[in-house]
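Asker:
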Amino acid sequence: MSNKVNCWLATFGLIGFFPFAPGTAASLVTVALVWLISLVIGAVNGWVLIVAAVGIYFFGVPAARDMEKELGRKDPRPVVIDEVVGQLIALAFVPLTWLGMLLSFFFFRAFDIIKPFPISWLDKNLPGGWGIMTDDVVAGLFALGCTHLALLYIHI
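All residue numbers for the sequence shown refer to my numbering, where the first residue is -3 and numbers rise by one.
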């Protein structure tokens, strides 16, 4: 891939250069895009989100690795394609209601920021793009589980 394509992909259309909390901005845009798509087509199958996340993951690994090399920093702040993948996983199989999306967003951002084990281990020990992307996959899985648990106990 060319440097421009890598940059565009790794920064999720340059959202990674947002001046304040670019990872949160990328997660929020992902939630909004999934919601808009659900409005247009009526429903979004959880498996479609998983397939999208897997595809983006495998394109995101080399893009994130190349941006890491280009910027000379481990897991550089502008690389937010990992947040897109994690947020897609966190939204999979969740009812796309305001509460489901809000909980999914909240839990994903919490796990991505706090990085409990094994997320922190993956972040520190997997090389390059694999570490950048994989810790967010696991954060997304944790968020998905927590969202489902929370929805079992919250009745609005």
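Here a beta-carbon is modelled for each residue, glycine too, at the ideal position from N, C-alpha and C.
With a cut-off of 8 Å on the beta carbons, I'd call I115 and F107 a contact; round off their distance for me.
Answerer: If you number the sequence shown from 1, residue 115 lands on position 119. If you number the sequence shown from 1, residue 107 lands on position 111. The Cβ separation is near 6 Å, so the contact holds.
Asker: Check N41 in the structure and name its three-state DSSP category.
Answerer: The residue you call residue 41 lines up with position 45 of the sequence shown. Of the three classes helix, strand and coil, the one that applies to N41 here is coil, per DSSP.
Asker: Determine, for F89, whether the minimum Cβ-Cβ distance to residues of chain C falls below 9 Å.
Answerer: The structure shown contains no chain C; it holds only a single protein chain.
Asker: In angstroms, rounded to a whole number, what distance separates the CA positions of I179 and G68?
Answerer: The chain is shown only over -3 to 152; residue 179 falls outside these bounds and no answer can be derived.
Asker: I'd like the list of long-range same chain contacts for G96, defined as Cβ closer than 6 Å, with 5 residues on each side in sequence excluded.
Answerer: Here residue 96 corresponds to residue number 100 of the sequence shown, with the count starting at 1. Only V90 meet the Cβ criterion.
Asker: How far does the alpha helix (DSSP H) with G82 in it extend, from its first residue to its last?
Answerer: Within the sequence shown, residue 82 is the residue found at index 86, counting from 1. Secondary structure note for G82: its alpha helix (DSSP H) is the uninterrupted segment I77 to L87.
Asker: By how many angstroms is the C-alpha of V81 removed from the C-alpha of L99?
Answerer: Locating residue 99 in the sequence shown gives position 103, counting from the first residue. Locating residue 81 in the sequence shown gives position 85, counting from the first residue. If I take the Cα positions, the gap works out to 17 Å.
Asker: R105: which of A48, A22 and A60 sits nearest, CA to CA?
Answerer: For the purposes of this step, residue 105 is taken as residue 109 along the sequence shown, with counting starting at 1. For the residues A48, A22 and A60, the minimum Cα distance to R105 belongs to A22.
Asker: Can you have a look at F16 and say buried or exposed, based on whether 16 or more other CB atoms are within 10 angstroms of its CB?
Answerer: Numbered from 1 along the sequence shown, position 20 holds the residue referred to as residue 16. The residue in question, F16, is exposed, as its Cβ has fewer than 16 Cβ neighbours within 10 Å.
Asker: Considering only C-alpha positions, which residue in the set A135, L32, G51 and M63 is nearest to G124?
Answerer: The residue labelled residue 124 in the question sits at position 128 within the sequence shown. Nearest C-alpha to G124 among A135, L32, G51 and M63: M63.
Asker: How about N121: is its Cβ closer than 8 Å to a heavy atom in the ligand HEM?
Answerer: The ligand HEM is not part of this structure, which contains no ligands at all.
Asker: By DSSP, does H151 sit in helix, in strand, or in coil?
Answerer: Here residue 151 is taken as the residue at index 155 of the sequence shown, counted from 1. Looking at H151 - three-state DSSP - the assignment turns out to be coil, as it is neither helix nor strand.
Asker: I need the boundaries of the alpha helix (DSSP H) containing K0, first residue and last residue.
Answerer: Here residue 0 refers to the residue found at position 4 when the sequence shown is read from its first residue. First-last of the alpha helix (DSSP H) with K0: N(-1) to A6.
Asker: For F55, which residues of its own chain have a beta-carbon under 7 Å away from its beta-carbon, when the five flanking residues on both sides are left out?
Answerer: Stepping through the sequence shown from its first residue, residue 55 is reached at position 59. Close CB contacts of F55 within its chain, under the 7 Å cut and outside five residues either way in sequence, are with L5 (chain order).
Asker: Note the first and the last residue of the continuous alpha helix (DSSP H) segment covering G96.
Answerer: Counted from its first residue, the sequence shown places residue 96 at position 100. Its alpha helix (DSSP H) spans residues W94 to I110.
Asker: Taking the alpha-carbon of G19 as reference, which of I150, P72, I46 and P112 has the nearest alpha-carbon?
Answerer: Residue mapping note: residue 19 aligns to position 23 of the sequence shown, counting from 1. Comparing Cα positions, the closest option is P72.
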